[in-house]
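A.B. asks:
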Amino acid sequence: MNIFVLMKRTFDTEEKIVIQNGKVSEEGAEFIINPYDEYAIEEAIQVRDKHGGEVTVVTVGNEDAEKELRTALAMGADKAVLINIEDDVEDGDQYTTAKVLAEYLKDKEADLILAGNVAIDGGSGQVGPRVAELLGIPYVTTITKLEIDGTNVKVVRDVEGDEEIIETSLPLLVTAQQGLNEPRYPSLPGIMKAKKKPLEELELDDLDLDEDDVEAKTKTIEIFLPPKKEAGKILQGDIADQVKELVSLLHTEAKVI
Amino acid sequence: MNLHFTEEQEMMRKMVREFAENEIAPFVERMERGEFPRPIIEKMAELGLMGITIPEQYGGAGMDFTSYIIAIHEISKVSATVGVILSVHTSVGTNPILYFGTEEQKKKYVPKLASGEYLGAFCLTEPGAGSDAASLKTTAIRRGDHYVLNGSKVFITNGGEADTYIVFARTNPEEKGSKGISAFIVEKNTPGLIIGKDEKKMGLHGSRTVQLSFEEMKVPAENLLGEEGQGFKIAMANLDVGRIGIAAQSLGIAEAALEHAIAYAKERIQFGKPIAEQQGIAFKLADMATNVEAAKLLVYHAASLRSRGLPCSKEASMAKLFASKTAMDNAIEAIQIFGGNGYTKDYPVERFFRDAKVCEIYEGTSEIQRLVISKQL
């Protein structure tokens, strides 16, 4: 089976976000594989181990993402591809990423493509579905279970806490939700093997794309941090008075009723 | 000097850090109640962490010494207990066989130790032989195709849990001091190997430290490690490795104390602002952070010398001396910053304090480190 995983390098979940000159500062920040993409990588490895084939992890970004690709290889993926758009694209968006990925994937005869449900940074959840649309293959998002029998696929999908069971067929793109599996840690032998596995680097040129083809469809107007949380207020006195005060504060100060 | 980690080292650091936070941290409470972290060791074994520096041909990961130090450092940030179990298992439980064993001994024991199927321990210290290890009194008398051992050992880390013990005994009672000492590989179920009482330690709860005695214990002659009389050399050969390991463990504790202190000081509001903004506390944090940085440089410098096979006995002692003091100082300051909360078991800093103290004692006391350093000046 020819399996591809779409991976994104993101901020570590524990990083404090600092905004500098209207942009999120990356200085000194630790980066990780987007946690939802880790589920996708783990699932891809499990599907390969069961059905045979090869797992290729693909990312769109700059050369810093090589580290996360190597980690995916250390987990057990077979090949990695970095599509480096740093020199060609200044402000990409989900359209940019999806277009680049679809262009790369269109002649790869992928049976199964896995991605994370969302990236924990931008959180748009768009790239997976967009790639499937561009490739003209079915997709199922937020999956928590995947069963493949020949070309038939049974998927359990998380719908805001409920489950939806969907039957579909390969080729297919799915996006992984928490609960799909327990991603493995890269083992030390895995880490030692990772550097010997192939990591291919491509640029837009190699995909016969130029910057206009992938120009962002959206524009970011402003980035700002949420307002600082104020200290809470503890009301005092008679319960009946407290209730009155609470209602009036909700009305006049919080303006929620 | 270059403190830049290689790609593999960096990948491993992240993996170990994540593993420690996700797998070890939830187990800390059970260790504090005295439970040996067997499930954690099994998981570490699956990841290859029980044989980091062991060559691939003997079933290890074949990584360099610095990688091993990274692992001890990151693990000890979460649990000094797991740190010491791994350190003892690797540096003195496995390495002596790898360095001094016959090919047969290596094939028989090292792959099992490297894969974590076996846990290793090391028996040198005796009631009357601590810093002065060469004064040990345990005897090993050759009788035909085996040796008969009699004597007792104390403070044996991993004792009662280990599958193999490297035991030091006097094969030639005529010779005093370091001469006449030999090393043996002893398997756990050997008749005459008596696991004595568990030491009731101040800290490192969950790591087992026991007294051992040997009563007419028969050890096959083929389990003699190295040659007769080579024991003291074998014991001393891994000192640097052991000391840098404990220095890394100390660094982990020191850094954990610092990180918890910073987080607490930024949250805790007194006199209308976080205590981290009160200069009295801010300056404490500045000193703690500076000492952590200095300890880190000493530890990784010593590790890099060792990785390159260069002499590092002075640097290893300096790293251990300074890092263990930093662990102790930072733990004390962290408790002070936490105030009354720091004195309770609801917060981790009192554990750091209890775990840090032993770093100034085992693998050579701070006084012994100063002796080693001063002799090389």
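Protein sequence lines correspond, in order, to chains L and R. Counting in the working numbering, the first sequence tops out at residue 260, every number present. Counting in the working numbering, the second sequence tops out at residue 389, every number present. Here a beta-carbon is modelled for each residue, glycine too, at the ideal position from N, C-alpha and C. Predicted model, so just to flag it, every value in this text is computed and none were measured.
I'd like the span of the beta strand (DSSP E) that includes R/H101, first residue to last.
C.D. replies: Counting along the chain, R/H101 falls outside any beta strand (DSSP E), and DSSP gives it neither H nor E.
A.B. asks: Going by the DSSP bridge assignment, what does R/S378 pair with across the sheet?
C.D. replies: R/S378 pairs with nothing; no bridge assigned.
A.B. asks: Going by DSSP, what residues sit across from R/N162 in a beta bridge?
C.D. replies: The partner list for R/N162 (beta bridge, DSSP) reads R/T151.
A.B. asks: What residues are listed by DSSP as bridge partners for R/S88?
C.D. replies: According to DSSP, which records beta bridges pairwise, R/S88 is partnered with nothing at all.
A.B. asks: Quick check: what's the CA-CA separation for R/V166 versus L/K196?
C.D. replies: R/V166 and L/K196: Cα-Cα distance of roughly 42 angstroms.
A.B. asks: Under 7 angstroms between C-beta atoms, does L/S127 make it to chain R?
C.D. replies: By this cut-off, L/S127 is not an interface position.
A.B. asks: Would you identify the three-state DSSP class for R/A146, choosing helix, strand or coil?
C.D. replies: It is helical.
A.B. asks: What's the gap between the Cα of L/E101 and the Cα of L/T255?
C.D. replies: According to the sequence shown, residue 101 of chain L is Ala rather than Glu. So the alpha carbons of these two residues sit roughly 46 angstroms apart.
A.B. asks: From R/E345 to R/Q291, what does the alpha carbon distance come to, in whole angstroms?
C.D. replies: About 14 angstroms.
A.B. asks: With DSSP run on the structure shown, which of helix, strand or coil describes L/I22?
C.D. replies: Of the three classes helix, strand and coil, the one that applies to L/I22 here is strand, per DSSP.
A.B. asks: At the 7 angstroms Cβ level, is R/F365 part of the contact set with chain L, yes or no?
C.D. replies: Not closer than 7 angstroms to any Cβ of chain L, the Cβ of R/F365 fails to qualify, so no.
A.B. asks: Along the chain, where does the alpha helix (DSSP H) containing R/E5 start, and where does it finish?
C.D. replies: The structure shown does not extend to residue 5 of chain R, since chain R spans only 13 to 389, so no value can be given for it.
A.B. asks: Going by DSSP, what residue range makes up the alpha helix (DSSP H) through R/R45?
C.D. replies: First-last for R/R45: undefined, no H or E at that position.
A.B. asks: Tell me the DSSP secondary structure of R/S225 in three-state form.
C.D. replies: Reduced to three states, the DSSP call for R/S225 is strand.
A.B. asks: Chain L partners of R/M75, CB-CB under 9 angstroms?
C.D. replies: Ordered by position in chain L, the residues that pass the 9 angstroms Cβ test against R/M75 are L191, I194 and M195.
A.B. asks: Is the stretch 297 to 311 of chain R touching the stretch 262 to 279 of chain R in the sense that three or more CB pairs, one from each, lie closer than 8 angstroms?
C.D. replies: Result yes; three or more Cβ-Cβ pairs closer than 8 angstroms.
A.B. asks: Which value, in whole angstroms, describes the spacing of the CA atoms of L/I194 and L/M78?
C.D. replies: Approximately 8 angstroms, taken between the alpha carbons.
A.B. asks: When you compare the CB positions of L/V158 and L/I146, do they come within less than 7 angstroms of one another, or not?
C.D. replies: Yes.
A.B. asks: Relative to chain L, which residues along the stretch 128 to 155 of chain R have a C-beta separation below 9 angstroms, given in chain order?
C.D. replies: Hits within the stretch: zero.
A.B. asks: Any C-beta of chain L sitting closer than 7 angstroms to the C-beta of R/G351?
C.D. replies: So no, R/G351 is outside the interface.
A.B. asks: Would you call the stretch 33 to 50 of chain L in contact with the stretch 91 to 101 of chain L, where contact means no fewer than 3 C-beta pairs closer than 8 angstroms?
C.D. replies: With a cut-off of 8 angstroms, the stretch 91 to 101 of chain L and the stretch 33 to 50 of chain L do not count as touching, because too few Cβ pairs lie within range.
A.B. asks: Taking CB distances under 7 angstroms as the criterion, tell me whether L/T74 reaches chain R.
C.D. replies: Yes, L/T74 counts as interfacial toward chain R.
A.B. asks: Does the beta-carbon distance from L/T173 to L/D81 come in below 7 angstroms?
C.D. replies: For the record, residue 173 of chain L in the displayed sequence is Leu; it is not Thr. No, these two residues do not count as a Cβ contact at 7 angstroms.
A.B. asks: Could you spell out where the alpha helix (DSSP H) holding R/F334 opens and where it closes?
C.D. replies: R/F334 -> alpha helix (DSSP H) spans S325 to F350.
A.B. asks: Since L/E145 is in the beta strand (DSSP E), which residue starts that stretch and which ends it?
C.D. replies: Note that residue 145 of chain L is Thr in the sequence shown, not Glu. Here the beta strand (DSSP E) through L/T145 covers Y142 to D152.
A.B. asks: Short check: CB of R/A368 to CB of R/A343, under 7 angstroms?
C.D. replies: Yes, they are a contact pair.
A.B. asks: With the cut-off set at 7 angstroms, would you say R/G163 and R/F226 are in Cβ contact?
C.D. replies: The answer is yes: Cβ separation under 7 angstroms.
A.B. asks: Check for me: the beta strand (DSSP E) holding R/F364 runs from which residue to which?
C.D. replies: Careful: R/F364 lies outside any beta strand (DSSP E), inside the alpha helix (DSSP H) at V361 to K369.
A.B. asks: With a 10 Å radius around its C-beta and 16 neighbouring C-beta atoms as the bar for buried, classify R/P108 as buried or exposed.
C.D. replies: By the neighbour-count rule (16 or more Cβ atoms within 10 Å), R/P108 is buried.
A.B. asks: Residues of the stretch 25 to 52 of chain L with a CB closer than 7 angstroms to any CB of chain R: list them in chain order, please.
C.D. replies: So the list is empty, because no residue satisfies the distance condition.
A.B. asks: Quick one: measure Cβ to Cβ for R/I256 and R/V311, integer angstroms, because I've assumed they're closer than 8 angstroms.
C.D. replies: Rounded, the Cβ-Cβ distance is 7 angstroms, consistent with contact.
A.B. asks: Which partner residues of R/M23 appear in the DSSP bridge assignment?
C.D. replies: R/M23 is not bridged to any residue.
A.B. asks: Grab me the residues of L/I169's own chain with a C-beta within less than 7 angstroms of its C-beta, minus the 5 sequence neighbours each way, in chain order.
C.D. replies: Within the same chain, L/I169 has close Cβ partners V143, V158 and R160.
A.B. asks: Using beta carbons (cut-off 7 angstroms, strictly below), is L/Y188 in contact with chain R?
C.D. replies: Closer than 7 angstroms to some Cβ of chain R, the Cβ of L/Y188 qualifies, so yes.
A.B. asks: Check the Cβ of L/A77 against every Cβ in chain R and list those closer than 7 angstroms, keeping chain order.
C.D. replies: Per Cβ cutoff of 7 angstroms: M23.
A.B. asks: Count the other CB atoms, across all protein chains shown, that sit within 10 Å of the CB of L/L249; report buried if there are 16 or more and exposed otherwise.
C.D. replies: Flag for L/L249 reads exposed.
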